[in-house]
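Visitor: Below is the structure I would like to discuss, written out as structure tokens.
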Amino acid sequence: MQLDIGAHDFEKGVKQPIRFDIEVMLEGAESPTRDEIDEVLDYEYLHSSIESAVSKRHSLLENLAASILEEILLPEKAVAGVVCLTKLSPTGFEGKFGCSMAKVKPGRMT
1 MQLDIGAHDF
11 EKGVKQPIRF
21 DIEVMLEGAE
31 SPTRDEIDEV
41 LDYEYLHSSI
51 ESAVSKRHSL
61 LENLAASILE
71 EILLPEKAVA
81 GVVCLTKLSP
91 TGFEGKFGCS
101 MAKVKPGRMT
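Each step along the sequence shown adds one to the number in this note's numbering, with nothing skipped, and position 108 is 108.
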């Protein structure tokens, strides 16, 4: 996804390619009884979580990741999540870099 993100003046107004890697940990380890989407958490909500978070400009990857993390932990079945964001071609830099954030809902995993 191409996003206008960055804190530096030379990044503002410039779209940069960002890779999203998202993991959601679910309560329990049971397999679905049927091979149907209504048996599991429908991961379509991850797409809407990203769309909601990128609807406004962020200067920092960390703030964008935190916003996505809050959204992906909304379903009751979600007990923890990890959001990794990577700038694939950072403006003014050769290489890739990014950030990862993880969160566990209080009292959900012991």
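We put the CB at the ideal spot given by N, CA and C, even for glycine.
Measuring only the C-alpha atoms, how far is residue 1 from residue 15?
Guide: Position 1 of the sequence shown holds residue 1. Position 15 of the sequence shown holds residue 15. C-alpha separation (whole angstroms): 9 Å.
Visitor: Could you check how far apart the C-beta atoms of residue 107 and residue 25 are, in whole angstroms? I think they sit under 8 Å.
Guide: Translated into positions along the sequence shown, residue 107 becomes position 107. Translated into positions along the sequence shown, residue 25 becomes position 25. Residue 107 to residue 25, Cβ: 14 Å. No contact.
Visitor: For a test of the three-state rule: what should DSSP assign to residue 8, helix, strand or coil?
Guide: Counting from one through the sequence shown, the residue named residue 8 turns up at place 8. Looking at residue 8 - three-state DSSP - the assignment turns out to be coil, as it is neither helix nor strand.
Visitor: Three-state secondary structure (DSSP) at residue 41?
Guide: The residue given as residue 41 occupies position 41 in the sequence shown. Residue state, collapsed to three classes: coil.
Visitor: With a threshold of 7 Å, establish whether the CB of residue 42 neighbours any heavy atom of the ligand FAD.
Guide: Absence of the ligand FAD from the depicted structure is noted, as is the absence of any ligand whatsoever, leaving it without description.
Visitor: By alpha-carbon positions, which one of 32, 75, 88 and 27 ends up nearest to residue 48?
Guide: By 1-based counting over the sequence shown, the position of residue 48 is 48. If we check each option's Cα against that of residue 48, 75 comes out closest.
Visitor: Determine the burial state of residue 87: buried for a count of at least 16 other Cβ atoms within 10 Å of its Cβ, exposed for fewer.
Guide: Looking up residue 87 in the sequence shown gives position 87. Burial call: buried.
Visitor: Looking only at its chain, what residues have a beta carbon closer than 8 Å to the beta carbon of residue 91, apart from the 5 residues adjacent to it on each side?
Guide: Position 91 of the sequence shown, counted from the first residue, corresponds to residue 91. So the list reads 6, 8, 10, 11, 14 and 16, once near-sequence residues are dropped.
Visitor: For the alpha helix (DSSP H) that residue 67 lies in, which residues bound it at each end?
Guide: Reading the sequence shown from its first residue, position 67 is the one you call residue 67. Note, residue 67: alpha helix (DSSP H), 61-72.
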